[in-house]
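J.: After the structure tokens below, expect a handful of questions from me.
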Amino acid sequence: DAGVTQSPTHLIKTRGQQVTLRCSPKSGHDTVSWYQQALGQGPQFIFQYYEEEERQRGNFPDRFSGHQFPNYSSELNVNALLLGDSALYLCASSLVARGQETQYFGPGTRLLVL
Amino acid sequence: GDSVTQMEGPVTLSEEAFLTINCTYTATGYPSLFWYVQYPGEGLQLLLKATKADDKGSNKGFEATYRKETTSFHLEKGSVQVSDSAVYFCALRDQAGTALIFGKGTTLSVSS
Chain W
1 DAGVTQSPTH LIKTRGQQVT LRCSPKSGHD TVSWYQQALG QGPQFIFQYY
51 EEEERQRGNF PDRFSGHQFP NYSSELNVNA LLLGDSALYL CASSLVARGQ
101 ETQYFGPGTR LLVL
Chain A
115 GDSVTQMEGP VTLSEEAFLT INCTYTATGY PSLFWYVQYP GEGLQLLLKA
165 TKADDKGSNK GFEATYRKET TSFHLEKGSV QVSDSAVYFC ALRDQAGTAL
215 IFGKGTTLSV SS
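As you go down the protein sequences, you meet chains W and A in turn.
In terms of our numbering, the first sequence opens at residue 1 and continues consecutively.
In terms of our numbering, the second sequence opens at residue 115 and continues consecutively.
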């Protein structure tokens with residue numbers, strides 16, 4: 001049973017650039033959540049996608065946007081990168097449709113903004 | 115708003131010692147509570163969970179009991195191993211039932 005997968009594993013960008021991170025949910029899951037984990041901190045909720053729509057959003061600026069595809073996979077886009085966007089970006093999947101909302105995390109994408 | 119507070123680390127123990135990592139929460143109602151573990155260079159793994167008051171979650175020798183009276187969900191293990199060295203995060207699911215709210219994490223280091 002494939003778990004949550006994310007790509008790429010590492011990424012280096014410069015300030016002002018744009019980045020797209022990708023996530024494939026655990027088999028059978030229909031919902032994807034994105035979190036940002038700064039060094040030495042707990043993950044912070046960015047947003048959650050369900051049925052191809054943003055279901056809930058955390059306290060992140062509009063530079064952070066996302067998308068969910070019909071196969072439930074998801075992308076996180078960050079525009080106009082800032083140095084402070086350097087972090088581990090975690091994707092988590094769950095099965096909302098059947099009330100099983102325990103979230104399972106992928107290995108993350110480590111983004112470094114120079 | 116909802117929040118989670120967990121004890122600051124690092125926690126340094128010898129193998130076979132008893133472990134407690136304290137976690138308290140502030141939330142409206144009775145949120146589901148979780149412990150996640152993060153090994154170096156990896157994502158988060160669900161360790162255990164509890165969905166209602168007095169529930170005890172357990173896995174791999176770790177236990178935590180949902181205490182409504184003290185709004186706590188302390189993690190315990192009777193005998194730690196070197197392989198338990200990791201960062202442990204306490205979390206709750208928010209009022210909307212969507213987002214996880216995490217504590218800052220507690221680093222555990224176990225030596226042989």
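Each residue gets a CB set at the ideal place from its N, CA and C atoms; glycine is no exception.
Going by C-alpha to C-alpha distance, which of 94/W, 109/W, 107/W, 110/W sits closest to residue 31/W?
T.: Closest option to residue 31/W, Cα to Cα, is 94/W.
J.: Per DSSP, which residues does residue 87/W bridge with? Please list them.
T.: Paired residues: 111/W.
J.: DSSP three-state call for residue 65/W: helix, strand or coil?
T.: Of the three classes helix, strand and coil, the one that applies to residue 65/W here is strand, per DSSP.
J.: Can you say whether residue 69/W is buried or exposed, counting buried as having 16 or more other CB atoms within 10 angstroms of its CB?
T.: Result: exposed.
J.: How should residue 194/A be labelled, buried or exposed, when 16 other C-beta atoms within 10 angstroms of its C-beta is the threshold for buried?
T.: Buried.
J.: Output needed for residue 56/W: all residues of its chain with C-beta closer than 6 Å, excluding positions within five of it in sequence on either side, in chain order.
T.: The residues are 48.
J.: Residues of chain W with CB closer than 9 Å to the CB of residue 216/A, please, in chain order.
T.: Within 9 Å Cβ-Cβ: 35, 37, 41, 42, 43, 44, 45.
J.: Any C-beta of chain W sitting closer than 8 Å to the C-beta of residue 160/A?
T.: Yes, residue 160/A counts as interfacial toward chain W.
J.: Quick one: Cα of residue 72/W to Cα of residue 4/W, how far?
T.: Distance between the alpha carbons of residue 72/W and residue 4/W is about 11 Å.
J.: Is there a Cβ from chain A that is less than 8 Å from the Cβ of residue 101/W?
T.: Yes, its Cβ sits closer than 8 Å to a Cβ of chain A.
J.: Compute the beta-carbon to beta-carbon distance between residue 139/A and residue 147/A, rounded to the nearest angstrom, for a pair I have assumed lies under 8 Å.
T.: Confirmed, Cβ separation roughly 7 Å.
J.: In the DSSP output, what is residue 163/A paired with across the bridge?
T.: Looking at the DSSP assignment, residue 163/A forms a beta bridge with 148/A.
J.: Under three-state DSSP, which class holds residue 197/A?
T.: Reduced to three states, the DSSP call for residue 197/A is helix.
J.: With DSSP as the reference, label residue 4/W as helix, strand or coil.
T.: Coil at residue 4/W, not helix or strand.
J.: Tell me the rounded alpha-carbon separation between residue 65/W and residue 77/W.
T.: Roughly 5 Å separates the two Cα atoms.
J.: Using only the alpha-carbon positions, how far apart do residue 208/A and residue 96/W sit?
T.: Rounded to the nearest angstrom, the two C-alpha atoms are 15 Å apart.
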